[in-house]
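Counting in our numbering, the sequence shown runs without a single skipped number right up to 346 at its last residue. Okay, so here's the structure we're looking at.
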Amino acid sequence: MNAPSIAATIHPTLRSRAPGLLLAVAIGLLALLLGRWAPLIGGPVFGIVLGIIVRNVFAPDARFTPGIQFGGKQVLQWSIIALGFGLSLTQVAKTGLESLWVTLITMSVAFLSAWLLGRWLGVHDKLKILIGVGTAICGGSAIAAVTPIIRPDDHDTAFAISTIFLFNVVAVLLFPLLGHLLHLSDLGFGLWAGTAINDTSSVVAAGYSYSHAAGDYATIVKLTRATLIIPVCLVLAFVVAAREKRKHAQAGSAGHFSLARIFPWFILWFLVASGIRTAGLLPLAIQPALHMLAEFLIIVALTAIGLSANLRRMISSGARPILLGLGVWAAVSVSSLLVQLVIGQL
């Protein structure tokens with residue numbers, strides 16, 4: 001990689017982001033058309049699959065990296081905010097409260113299974129925490145949030161992110177098919193996807209691939225779940241600081257913890273957008289256009305995420321983290337369905 005490419009990656013500008021964004025948009029347009037042709041699969045799924053194919057067959061060079069990274073993060077957040085314009089605050093609050101206790105149960109299952117299965121597989125504590133938090137809350141975002149608190153090796157962080165991403169892709173492809181086989185209702189599938197799929201992008205993709213109503217419900221459930229990264233990080237910071245204080249007579253890691261840094265600010269803007277819709281400040285005539293914009297932004301974001309997926313790196317991560325991720329993910333997925341079965345929602 002030459003010097004300008006390195007500089008563009010570290011200090012991205014609009015010009016440096018243009019190649020990657022244009023590539024994601026071009027593939028996203030194709031995915032949108034394919035989604036219209038095969039609605040059962042949907043544009044978001046086509047986007048992530050086409051992105052993975054392009055990344056691993058054609059291997060775009062470093063010029064595309066800043067734009068791809070921007071698409072996979074910022075564009076995704078914009079798409080969630082745009083979705084807020086189509087949802088009332090009443091609906092958001094009702095869904096969030098309805099799903100909270102199911103979310104808490106599946107989170108508990110994720111942490112417990114990560115601890116037990118991790119011990120059995122011989123996976124060390126920091127990697128268990130990373131995979132457990134990533135599966136329980138919000139995938140790579142949760143891993144990024146806890147990394148400066150527990151301070152794992154970069155290799156462990158890469159292991160965890162690769163493992164979580166692998167099962168995100170599997171979930172996007174598998175969940176809608178399983179949902180139809182199980183004859184889940186829109187709300188039932190939305191609750192299942194929102195509580196059992198790791199990353200926000202994958203929840204949105206699977207939800208809207210199933211139905212519009214399922215996508216709306218899954219998105220709210222997932223955003224409610226994502227906010228729980230704050231108390232989880234606070235608890236981890238307290239535990240790590242206490243351990244460091246006992247060991248070194250000082251709270252070594254506490255100084256690296258920042259609530260403002262880990263807070264998912266796009267959720268706040270999602271609520272603002274929802275508030276604008278609730279207050280009737282949004283003309284009805286432009287709401288369909290905003291929904292179409294949100295749908296396309298989701299497809300572009302997922303395409304960018306696919307373009308960043310290195311399958312060779314995932315395979316080289318080794319078997320134990322993948323087995324741990326599979327076990328925790330399966331436990332969360334099954335527990336979410338069992339809870340719905342118990343309460344008679346299935």
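We treat Cβ as the ideally placed atom computed from N, Cα and C, and that holds for glycine. Small disclaimer: the values here were computed from a predicted structure and weren't measured.
Delimiting residues of the alpha helix (DSSP H) encompassing S16: As a first step, residue 16 is located in the sequence shown; it is residue number 16 there, counting from the start. Segment 14-37, the alpha helix (DSSP H) holding S16.
Option in K94, G86, N310, T303 with minimal Cα separation from S202: Position 202 of the sequence shown holds residue 202. Relative to S202, the option among K94, G86, N310, T303 whose CA is nearest is T303.
From F167 to A193, what distance separates their C-alpha atoms? Indexing the sequence shown from 1 puts residue 167 at position 167. Indexing the sequence shown from 1 puts residue 193 at position 193. One C-alpha to the other measures close to 13 Å.
Applying the 10 Å Cβ sphere with the 16-neighbour rule, what's the burial state of Q287? Reading the sequence shown from its first residue, position 287 is the one you call residue 287. Answer is exposed; the Cβ neighbour count stays below 16.
Please go through the same chain and pick out, in chain order, the residues whose beta-carbon is closer than 6 Å to the beta-carbon of V92, but skip the five residues on each side of it. Here residue 92 is taken as the residue at index 92 of the sequence shown, counted from 1. The answer, listed in chain order, is I220, S274.
As an exercise, report each continuous alpha helix (DSSP H) stretch of at least 4 residues that is fully enclosed by the region 164-221, in chain order. Within the region 164-221, the complete alpha helix (DSSP H) runs of at least 4 residues are 186-196, 200-210.
According to DSSP, is T224 part of a helix, a strand, or is it coil? In the sequence shown, residue 224 corresponds to position 224, counting from 1. DSSP places T224 in helix when its eight states are reduced to three.
Kindly indicate which three-state DSSP category V123 falls into: helix, strand or coil? Within the sequence shown, residue 123 is the residue found at index 123, counting from 1. Here V123 sits in coil by DSSP.
Cβ distance (whole Å) where L76 is taken to contact T200 below 8 Å: On the sequence shown, residue 76 is found 76 positions in, with the first residue counted as 1. On the sequence shown, residue 200 is found 200 positions in, with the first residue counted as 1. With 8 Å as the limit, L76 and T200 qualify as a contact, their Cβ atoms being about 7 Å apart.
What alpha helix (DSSP H) runs, 4 residues minimum, are completely inside the region 44-113? If we require 4 residues or more, the alpha helix (DSSP H) runs fully inside the region 44-113 come out as 65-70, 76-84.
In the structure shown, what three-state DSSP assignment does R243 receive? By one-based count along the sequence shown, residue 243 stands at place 243. When secondary structure is reduced to three states using DSSP, R243 falls in the helix class.
Taking the beta carbon of V328 as the centre, do at least 16 other beta carbons fall within 10 Å, making it buried, or is it exposed? Indexing the sequence shown from 1 puts residue 328 at position 328. Counting Cβ neighbours within 10 Å, V328 comes out buried, since at least 16 surround it.
Is the separation between the beta-carbon of S336 and that of T195 shorter than 8 Å? Counting from 1 along the sequence shown, the entry for residue 336 is found at position 336. Counting from 1 along the sequence shown, the entry for residue 195 is found at position 195. Yes, they are a contact pair.
Measure the CB-CB distance between A160 and P321 and report whether it falls below 8 Å. As a working note, residue 160 is residue 160 in the sequence shown. As a working note, residue 321 is residue 321 in the sequence shown. Cβ distance < 8 Å, so A160 and P321 count as in contact.
Along the chain, where does the alpha helix (DSSP H) containing G327 start, and where does it finish? The sequence position of residue 327 within the sequence shown is 327, counting from 1. According to the DSSP assignment, G327 belongs to the alpha helix (DSSP H) that extends over 319-342.
Burial state of F58 (16 or more Cβ within 10 Å): As a first step, residue 58 is located in the sequence shown; it is residue number 58 there, counting from the start. Burial call: exposed.
Taking contact to mean 3 or more Cβ pairs, one atom from each stretch, closer than 8 Å, check whether the region 293-302 and the region 43-58 are in contact. With the cut-off at 8 Å, the region 293-302 and the region 43-58 touch.
Helix, strand or coil at A279 according to DSSP, with G and I counted as helix: Counting from one through the sequence shown, the residue named residue 279 turns up at place 279. Under the three-state reduction of DSSP output, A279 falls in the coil class, being neither helix nor strand.
Note down the Cα distance separating F175 from A330, rounded to an integer number of angstroms. Position 175 of the sequence shown, counted from the first residue, corresponds to residue 175. Position 330 of the sequence shown, counted from the first residue, corresponds to residue 330. The alpha-carbon of F175 is positioned some 12 Å away from that of A330.
Could you please give the first and the last residue of the uninterrupted alpha helix (DSSP H) stretch that includes L134? Within the sequence shown, numbered from 1, the residue matching residue 134 stands at position 134. It should be noted that the sequence gives Gly, not Leu, for residue 134. No alpha helix (DSSP H) contains G134, which DSSP labels as neither H nor E.
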